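Peer 1: Supplied in structure tokens, the structure appears directly below.
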Amino acid sequence: MPIQKGKLRKKELTINMGPQHPATHGVLRLELDIDGETVVKCTPHVGYLHRGTEKLGENRTYLSALPLTDRLDYISSMANNVGYCLAVERLFGIEAPERAKFIRTMASEMSRISSHLLWLGTHALDIGAMTVFLYAFKEREWILDLFEMLTGARLTVTYPRIGGVKADVSEEFLSSLYKFTDEFPKRIEEYETLIDQNRIWLQRTKNIGIISAEEAVNWGLTGPMLRGSGVDYDLRKYCPYDAYDQVEFDVPLGKCGDTYDRYRCRMEEMLQSNRIIRQCIEKLPQGPIMSPDAPKLTLPPKERVQKDMEAMIQHFVLITKGPITAPDGEMYSAIEAPKGELGFYFISDGTGRPYRMRLRSPSFVHASILPKLCEGSLVADVIANIGTIDIVLGECDR
Amino acid sequence: MGVKKIIKTVFMLEILKGMSLTFRALFRRPVTRQYPKHKREPFAGFRGLHALTRRPDGDAVCVGCGLCAAICPSQCIKIYTSEGADHKKVVDRYEIEVLRCLYCGLCVEACPFKAVVMTDIYEYSSFTRQELYMTKDKLLANWDRFSEKRKKTYFGSFWKPLFTDFSGSDKQAKLQDVSKAKKHEDIYLEAGK
Ligand code: SF4
Ligand code: SF4
């Protein structure tokens, strides 16, 4: 029977991708208007993982708000911890000692590697390369074991402290980590053998999700998302914190800003992180691991607490009231987390708790570019685009 | 199109390369730990289930100062005290709701008397919430279970102290012999004792 013209209603189909879709890496919900296989409109909905970290931070002292930051970007919790501690240190005007700085640098680079490995594995899995996922997770497991050796926890590390780090590194840890850095470049080569030239991989990533340098800057992208488009911006290099000014590394840049370029950027970054870790281990100086010039901010050693009245009072005040030496005012401090620029903004009113704690999380900014990437592309490429922006919803929804 | 490129395209060289890698992986040592059968010993300093340490006379060391409850970010420690004989503070109840705990270890750092500690026990799942609401007796029992296994004093050997010497002694770790370091497979496949 011939279809009569004018009787057939044509309309875009609206589908929900997520919040439980396995390829959305968490609880991201995309509302897609599709015309056949082409996405006409894409609206991201965030907030499914909102826990009110900013508000919680206002009700905790500077000391005890630290574990909350673990739960932001939970696959690179070390970088968040370092960012938080650095921000508070800058607020109070203190500085961690040299040894602590090197340890922190080392640990944040470890978390960068583990974050990028997870990204590589899941991104490849989404696009259809299962083997890389298994291989990448093997190395990630190694890093997590090293984290356990260093901090006592695999994922939520809570390792840095305001004014230093919690515990000193052991010899066993250093040599195991050095061994890891020996092996790791070979593993990167393996991943590259699997996908770098693979024609399916190339077809799924080349010229998909192109972001020009100008657009990237205008959208406020940071991290590998920005560098993939060829903009040379890395806080570690141009606004160095911790020990980054004492180690050598390059900032890898992409050319045309497509998914493949961002993949290349992150792979190179892992090698550079490897290089930084090696240098940190080799150059690790001797000395204290907690800032000795900040007795009002760091918990005194237990031996002194039990014997010395003053130390005991300081211990009690610090825990119950927080560091009450905070200056009035506001400040912003940012670090280069694996995903991009992670910023902490504090307004302090002189009490032991921040009056306002604001987080600038890269994932939230990056999620906002999804409509631009997806509109006009195929539904299958939506998955590639979600993978390439590398968001973690814990950080996005805070 | 050059001859090389044609050969590459027709014979799928890059895919064959990848395949040969996965084939070679067949002969490598497996890295999967068969979990319930093989358990890796947690590393020193692992942050697991809480415990309350005992005094030599058998009671808990805890004096009920409440510092651990004050610093706890998830506010899951509850302490109830009362006045005993000689105006002494008596800890009636000491409870940790471990389901809400973040395992951050701040309570251990805050306690001035090393009374609350974290053990390396990590297998304590349960069907009921009540079982995971740790009362004082359960926490003391955790300590017995842990110290029996370790047979060593807890602090120093297990929990890494927060502060090492500020003077920067020579004992601090630096990179030594890498050849002695264990490969990941060895660490990973180590069976529990
Ligand atoms: S480990 Fe952290 S969250 Fe758990 S009881 Fe101790 S302070 Fe509270
Ligand atoms: S466990 Fe320690 S910090 Fe907590 S109440 Fe007892 S003595 Fe005080």
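Keeping their order, the protein sequence lines are chains A and B.
If you read the first sequence in this note's numbering, its first letter stands for residue 514, the second for the next number, and so on.
If you read the second sequence in this note's numbering, its first letter stands for residue 6, the second for the next number, and so on.
Positions of the beta carbon are idealized from the N, C-alpha and C atoms, including for glycine.
Computed from a prediction, not measured in an experiment: that's the story for all the values here.
For the segment 828-850 of chain A, which residues have a CB atom closer than 8 Å to at least one CB atom of chain B, in sequence order?
Peer 2: Cβ contacts with chain B come from 828, 829, 832 and 833.
Peer 1: Can you find a CB in chain B that lies within less than 8 Å of the CB of residue 819 (chain A)?
Peer 2: yes
Peer 1: Which residues in chain B have a C-beta closer than 7 Å to the C-beta of residue 711 (chain A)? List them in chain order.
Peer 2: 19, 20 and 23
Peer 1: Taking residue 783 (chain A) as part of the alpha helix (DSSP H), name the residues at either end of that continuous run.
Peer 2: Looking at the DSSP string, the run of the alpha helix (DSSP H) that includes residue 783 (chain A) is 772-796.
Peer 1: For residue 56 (chain B), which residues in the same chain have their Cβ closer than 7 Å to its Cβ, ignoring the five residues on either side in sequence?
Peer 2: 122, 124, 144, 147, 148 and 151
Peer 1: Express the C-alpha separation of residue 660 (chain A) and residue 197 (chain B) in angstroms, rounding to a whole number.
Peer 2: Reliability fails at residue 197 (chain B), whose pLDDT of 40 lies under 50, so the model's placement of it is uncertain and the value that follows must be treated cautiously. In a straight line, the C-alpha of residue 197 (chain B) is about 19 Å away from that of residue 660 (chain A).
Peer 1: Can you give the Cα-Cα distance for residue 96 (chain B) and residue 141 (chain B), rounded to whole angstroms?
Peer 2: 9 Å
Peer 1: Compute the Euclidean distance between the alpha carbons of residue 673 (chain A) and residue 120 (chain B), then round it to the nearest angstrom.
Peer 2: 23 Å
Peer 1: Can you tell me whether residue 824 (chain A) sits near ligand 2, meaning its C-beta is under 7 Å from at least one heavy atom of the ligand?
Peer 2: Not so, every heavy atom of ligand 2 lies at least 7 Å from the Cβ.
Peer 1: Listed by chain order, which residues have C-beta atoms less than 6 Å from any heavy atom of ligand 2?
Peer 2: Around ligand 2, the residues whose beta-carbon falls short of 6 Å from at least one of its heavy atoms are B:67, B:68, B:69, B:70, B:71, B:72, B:73, B:84, B:115, B:116, B:118, B:120 and B:121, given in chain order.
Peer 1: Taking one C-beta from the segment 885-905 of chain A and one from the segment 549-558 of chain A each time, how about it: are there three or more such pairs within less than 8 Å?
Peer 2: yes
Peer 1: From residue 542 (chain A) to residue 796 (chain A), what distance separates their C-alpha atoms?
Peer 2: 46 Å
Peer 1: Exposed or buried, what is residue 8 (chain B) when buried is set at 16 or more other beta-carbons lying within 10 Å of its beta-carbon?
Peer 2: exposed
Peer 1: Give the DSSP-derived three-state secondary structure of residue 121 (chain B) in the structure shown.
Peer 2: strand
Peer 1: Terminal residues of the continuous beta strand (DSSP E) containing residue 859 (chain A)?
Peer 2: Residue 859 (chain A) -> beta strand (DSSP E) spans 853-861.
Peer 1: Compute every distance between the C-beta of residue 79 (chain B) and the non-hydrogen atoms of ligand 1, then say whether any falls below 7 Å.
Peer 2: yes
Peer 1: Any heavy atom of ligand 1 inside 7 Å of the beta-carbon of residue 82 (chain B)?
Peer 2: Checking the Cβ of residue 82 (chain B) against ligand 1 gives yes.
Peer 1: Just to check my reading of the structure: residue 787 (chain A) and residue 697 (chain A) have Cβ atoms closer than 8 Å, yes? What is that Cβ distance to the nearest angstrom?
Peer 2: The C-beta separation of residue 787 (chain A) from residue 697 (chain A) comes to about 5 Å, placing the pair in contact by the 8 Å criterion.
Peer 1: Beta-carbon of residue 661 (chain A) versus every beta-carbon of chain B: anything under 8 Å?
Peer 2: yes
Peer 1: Mind checking if residue 140 (chain B) is an interface residue toward chain A, Cβ cutoff 8 Å exclusive?
Peer 2: no
Peer 1: Give a yes or no on whether the C-beta atoms belonging to residue 540 (chain A) and residue 531 (chain A) are separated by under 8 Å.
Peer 2: Closer than 8 Å, so yes.
Peer 1: Between the segment 586-600 of chain A and the segment 623-634 of chain A, are three or more C-beta pairs nearer than 8 Å?
Peer 2: As far as the Cβ criterion goes, the segment 586-600 of chain A touches the segment 623-634 of chain A, which means the pair count is three or higher.
Peer 1: State yes or no: is the C-beta of residue 613 (chain A) within less than 8 Å of the C-beta of residue 678 (chain A)?
Peer 2: Yes, they are a contact pair.
Peer 1: Identify which residue in B:54, B:42 and B:10 has its Cα closest to the Cα of residue 108 (chain B).
Peer 2: B:54
Peer 1: Judging by CA-CA distance, which residue of A:707, A:793 and A:832 is the nearest neighbour of residue 811 (chain A)?
Peer 2: A:832
Peer 1: Between residue 79 (chain B) and residue 106 (chain B), how many whole angstroms is the CB-CB distance? I'm expecting something under 8 Å.
Peer 2: 6 Å
Peer 1: Going by the beta-carbon positions, is the gap between residue 693 (chain A) and residue 632 (chain A) smaller than 8 Å?
Peer 2: no
Peer 1: By alpha-carbon positions, which one of A:637, A:895 and A:680 ends up nearest to residue 666 (chain A)?
Peer 2: A:680
Peer 1: Within 8 Å (strictly less), CB to CB, does residue 644 (chain A) reach chain B?
Peer 2: yes
Peer 1: Could you spell out the range, first to last residue, of the beta strand (DSSP E) harbouring residue 553 (chain A)?
Peer 2: Boundaries of the beta strand (DSSP E) around residue 553 (chain A): 551-558.
Peer 1: If you reduce the DSSP assignment to three classes, tell me which class residue 154 (chain B) lands in.
Peer 2: helix
Peer 1: Residue 9 (chain B) CB to nearest chain A CB: under 8 Å?
Peer 2: Output row for residue 9 (chain B): interface = no.
Peer 1: Keeping to the same chain, check which residues put their C-beta closer than 8 Å to that of residue 794 (chain A); ignore five residues upstream and five downstream.
Peer 2: 619, 687, 690, 691 and 694
Peer 1: Could you tell me the distance, in whole angstroms, from the CA atom of residue 778 (chain A) to the CA atom of residue 37 (chain B)?
Peer 2: Using only the alpha carbons, I get a separation of about 30 Å.
Peer 1: Can you have a look at residue 15 (chain B) and say buried or exposed, based on whether 16 or more other CB atoms are within 10 angstroms of its CB?
Peer 2: exposed
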